[in-house]
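In this note's numbering, the protein residues as written are 334 to 426.
Just so it is clear, CB atoms sit at the ideal spot from N, CA and C, and this is done for glycine as well.
Source: prediction; values computed, not measured.
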């Protein structure tokens with residue numbers, strides 16, 4: 334597995350245009366490739382949403398890989414709290 338980076342941020346939304354694979358997720362200690370589908374969004378829940386949901390939604394470790402045979406474009410935008418921010422479950426009434 335040659336990940337460019339392992340991500341566990343708040344939320345990642347991916348749309349695969351074309352059929353070039355490049356996403357992997359960690360499941361049971363093994364990296365699995367995600368088959369691209371051009372009409373579906375892939376939503377990865379990160380550590381912050383796992384904390385905010387009190388564990389109801391599980392964080393998914395995922396990474397991007399390089400395809401040596403086919404070109405693929407990825408556009409990323411990140412919104413992350415500062416390092417000392419407290420992330421905790423949402424309060425219920």
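Validate contact between the stretch 358-369 and the stretch 382-389 using beta carbons, cut 8 Å, 3 pairs:
no
Kindly provide the ranges of any alpha helix (DSSP H) runs that are 4 or more residues long and lie completely inside the stretch 394-425, ordered along the chain.
none
I'd like the list of long-range same chain contacts for residue 346, defined as Cβ closer than 7 Å, with 5 residues on each side in sequence excluded.
374, 376
Alpha-carbon to alpha-carbon, residue 420 and residue 283
With the chain represented from 334 up to 426, any question about residue 283 goes unanswered, as that position is not in the structure.
I'd like the span of the beta strand (DSSP E) that includes residue 344, first residue to last.
344-348
Nearest residue (CA-CA) to residue 378, options 364, 366, 393, 372:
393
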